[in-house]
Ligand SMILES: Nc1ncnc2c1ncn2[C@@H]1O[C@H](COP(=O)(O)OP(=O)(O)O)[C@@H](O)[C@H]1O
Ligand SMILES: [Mg+2]
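In structure tokens, the structure reads:
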């Protein structure tokens with residue numbers, strides 16, 4: 112059999128029926144505000160609802176998705192980058208068939224990758240043959256290059272904030288970088304630990320007023336997550352609260368948030384596999400490109 116010319120190969124790939132993969136980054140300016148809890152439980156809620164979900168631990172310094180779900184990784188993203196494992200090898204099974212790619216705890220920045228690691232990562236994601244509906248990336252906090260890179264590679268960015276003034280000023284600083292440097296124009300805000308729905312909306316409104324006044328960005332209120340002892344208990348038991356305590360207030364909130372995220376429209380041009388995500392992850396589109 113003759114090898115296909117590269118153009119023929121890419122042409123054939125385009126002919127395949129493409130199901131767009133929704134890519135969502137969960138991030139924050141300040142640490143400890145609930146990003147990993149949100150990522151793990153949104154992903155699990157979507158899986159329970161029948162979606163095929165991949166949860167990528169993008170906190171390359173303080174990986175803890177696997178800890179939160181009580182999973183024991185034998186290899187992780189750093190092995191993929193080193194070429195000693197495939198992405199398939201790293202996949203762990205979470206609740207309701209959720210797929211998890213664990214990160215390593217150690218210093219590794221997406222922006223520090225060598226050309227060989229870049230190529231390895233692109234290959235790893237393009238070879239992942241599992242059909243997917245949604246990819247959720249749990250990022251580190253702050254304005255590190257790796258955080259910005261994951262956000263710009265995603266179609267939707269959720270910024271988690273709390274009532275803590277530092278979480279709001281840090282969220283503003285992060286949104287400013289995403290907007291000014293990467294031209295990200297839409298941000299979903301999720302408030303955590305507010306005492307009431309009206310307090311949650313007030314936190315959001317304060318952030319929206321400042322961001323929309325000084326930046327070219329539109330903020331949307333994704334919703335709020337109440338303070339919930341059941342969530343703490345689930346974290347201690349290394350389980351997702353939506354699976355361990357489905358009747359708890361936070362589990363109910365997570366199901367609503369997951370249903371909402373599922374209704375977000377997919378941007379034009381979203382493609383049927385993860386190449387879109389990886390291309391953006393490693394190539395970094397020119398400034399001015401829209402997300
Ligand atoms: N709504 C909540 N109710 C109770 N505990 C929470 C809530 N949100 C977060 N926590 C707790 O706060 C801690 C930090 O959350 P985590 O998701 O690890 O934050 P991050 O990923 O932003 O650092 C966890 O132990 C978690 O149980
Ligand atoms: Mg975290």
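In the working numbering, the protein residues as written are 112 to 402. Note that beta-carbon positions come from the ideal geometry of N, C-alpha and C, so glycine has one too. Note that the structure is a prediction, hence the values are computed from the model and not measured.
- Judged by DSSP secondary structure, residue 260 falls within the alpha helix (DSSP H) whose first and last residues are 256 to 264.
- With the rule of 3 Cβ pairs closer than 8 Å, the region 311 to 331 does not count as touching the region 157 to 171.
- Per DSSP, the beta-bridge partners of residue 299 are 269 and 331.
- In this chain, residue 274 is not harboured by any alpha helix (DSSP H), its DSSP state being neither H nor E.
- Under the 8 Å Cβ criterion, the region 358 to 374 counts as touching the region 335 to 346, having at least three qualifying pairs.
- Under the criterion of beta carbons closer than 8 Å, residue 304 and residue 274 qualify as touching, at roughly 7 Å.
- Comparing alpha carbon positions, the residue from 137, 185 and 326 closest to residue 197 is 185.
- Cβ-Cβ distances below 6 Å link residue 137 to 146, 149, 150, 249 and 269 in the same chain, with the five nearest sequence neighbours on each side left out; the list follows chain order.
- Closest by C-alpha distance to residue 327, out of 302, 308 and 289, is 289.
- According to the DSSP assignment, residue 366 belongs to the alpha helix (DSSP H) that extends over 360 to 374.
- One alpha carbon belongs to residue 154, the other to residue 253, and they sit about 22 Å apart.
- In the displayed model, residue 252 falls within a strand according to three-state DSSP.
- Judged by DSSP secondary structure, residue 164 falls within the beta strand (DSSP E) whose first and last residues are 164 to 169.
- In this structure, the alpha-carbon of residue 246 lies about 12 Å from that of residue 389.
- Sequence-distant partners of residue 200 (beyond 5 residues in either direction) whose C-beta falls short of 7 Å from its own C-beta, in its chain, are 186.
- Of 180, 375, 333 and 143, the smallest CA-CA separation from residue 365 is found for 333.
- Bridge pairing for residue 204: 210 [DSSP].
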